[in-house]
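Rendered as structure tokens:
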């Protein structure tokens, strides 16, 4: 029994040495068992590698999709911020242009007549037909006084009717009525024909949206398209305030004078900022 074991061990050792020598020898071809083992291994690796590659590619694609989603989110946020900033820029740019136009208006008026112009924001417009007033955010603390004229850069708006410390009420010229003691008629003339033209703007027709200028002489040079301005007579409305444009003229009620229909220059439906005219003789400084 012991000899048999020794014999088996010797056979195994001889085979091992033979295989090792055969394997590490300088051979140009593999034996068929080696080829079979190599081909079998390659075939198995091929079927294992492809699913593993698909799975790895799937996870890589999912990772790429996640990155693309994050990039798209960042792009959407950037686009929204750009759109918001563009809107803000356009609004600020339009606001600057509008305020620049108003500043140029006050500079032109200063050169024309020696008035101060205090810019005010319209905070409320009353819809009450019995109290049709406009509220502005300037009051007695800002030097506002009753009967000061209020204008826009387009034309005359009205007179300050009530003054509070921080706010004031303005009665618009659309409340003018020749039968109302609460409104003040406007002594007017034609721009460029100040020495030859004169009339009184004393009423307004809410149905047509037109002002009426009466007491016009039959020899007055007033014609359609003329610009009507305040004459400064009466010491209420400073001279040179634009009232509107002449639409037509017709003979008055008694046939002795003429009456003109005038389109107001100011847009009363879109009042946002106005100017309170402060005559220089009041001694107030320009705000």
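In this note's numbering, the protein residues as written are 3 to 289. Beta carbons are placed, not taken as given, at the ideal position from N, Cα and C, and that holds for glycine.
Quick one: give me the first and last residue of the beta strand (DSSP E) that residue i is part of.
{"i": "residue 138", "result": "136-138"}
{"i": "residue 275", "result": "275-281"}
{"i": "residue 164", "result": "158-165"}
{"i": "residue 125", "result": "117-127"}
{"i": "residue 212", "result": "212-218"}
{"i": "residue 268", "result": "Taken as a continuous stretch (DSSP letters only), residue 268 belongs to no beta strand (DSSP E), as it is neither H nor E."}
{"i": "residue 141", "result": "No beta strand (DSSP E) holds residue 141; DSSP gives it neither H nor E."}
{"i": "residue 245", "result": "244-253"}
Let me check understanding here. Comparing Cα to Cα, which of the options lies closest to residue i?
{"i": "residue 242", "options": "188, 272, 220 and 219", "result": "188"}
{"i": "residue 262", "options": "78, 219, 234 and 66", "result": "219"}
{"i": "residue 216", "options": "183, 205, 246 and 118", "result": "205"}
{"i": "residue 133", "options": "185, 156 and 192", "result": "185"}
{"i": "residue 214", "options": "233, 251 and 275", "result": "251"}
{"i": "residue 268", "options": "119, 155 and 15", "result": "155"}
{"i": "residue 207", "options": "146, 178, 77 and 194", "result": "178"}
{"i": "residue 153", "options": "11, 270 and 16", "result": "270"}
{"i": "residue 277", "options": "221, 253 and 139", "result": "139"}
{"i": "residue 264", "options": "176, 73 and 125", "result": "176"}
{"i": "residue 174", "options": "197, 10, 16 and 266", "result": "266"}
{"i": "residue 259", "options": "202, 75, 240 and 11", "result": "202"}
{"i": "residue 166", "options": "191, 151, 137 and 190", "result": "137"}
{"i": "residue 195", "options": "209, 228, 170 and 181", "result": "228"}
{"i": "residue 126", "options": "9, 170, 161 and 118", "result": "170"}
{"i": "residue 230", "options": "121, 199 and 253", "result": "199"}
{"i": "residue 238", "options": "197, 226 and 190", "result": "190"}
{"i": "residue 226", "options": "193, 281 and 6", "result": "193"}
{"i": "residue 244", "options": "254, 151 and 75", "result": "151"}
{"i": "residue 221", "options": "17, 236 and 197", "result": "197"}
With a cut-off of 8 Å on the beta carbons, I'd call residue i and residue j a contact; round off their distance for me.
{"i": "residue 135", "j": "residue 159", "result": "In fact, because the Cβ distance is near 11 Å, the residues do not count as touching under 8 Å."}
{"i": "residue 248", "j": "residue 224", "result": "6 Å"}
{"i": "residue 211", "j": "residue 168", "result": "At roughly 32 Å, the Cβ-Cβ gap does not stay under 8 Å, so residue 211 and residue 168 are not in contact."}
{"i": "residue 148", "j": "residue 163", "result": "7 Å"}
{"i": "residue 157", "j": "residue 246", "result": "6 Å"}
{"i": "residue 122", "j": "residue 275", "result": "7 Å"}
{"i": "residue 281", "j": "residue 117", "result": "6 Å"}
What is the DSSP secondary structure of residue i, reduced to helix, strand or coil?
{"i": "residue 239", "result": "coil"}
{"i": "residue 170", "result": "strand"}
{"i": "residue 229", "result": "strand"}
{"i": "residue 195", "result": "coil"}
{"i": "residue 286", "result": "With a pLDDT of only 44 at residue 286, under 50, the local geometry of the prediction cannot be trusted, and no value is derived from it."}
{"i": "residue 74", "result": "helix"}
{"i": "residue 181", "result": "coil"}
{"i": "residue 202", "result": "strand"}
{"i": "residue 187", "result": "coil"}
{"i": "residue 176", "result": "helix"}
{"i": "residue 264", "result": "strand"}
{"i": "residue 7", "result": "helix"}
For residue i, verify whether its CB is less than 7 Å away from any heavy atom of the ligand ZN.
{"i": "residue 174", "result": "This structure lacks the ligand ZN, and indeed carries no ligand of any kind."}
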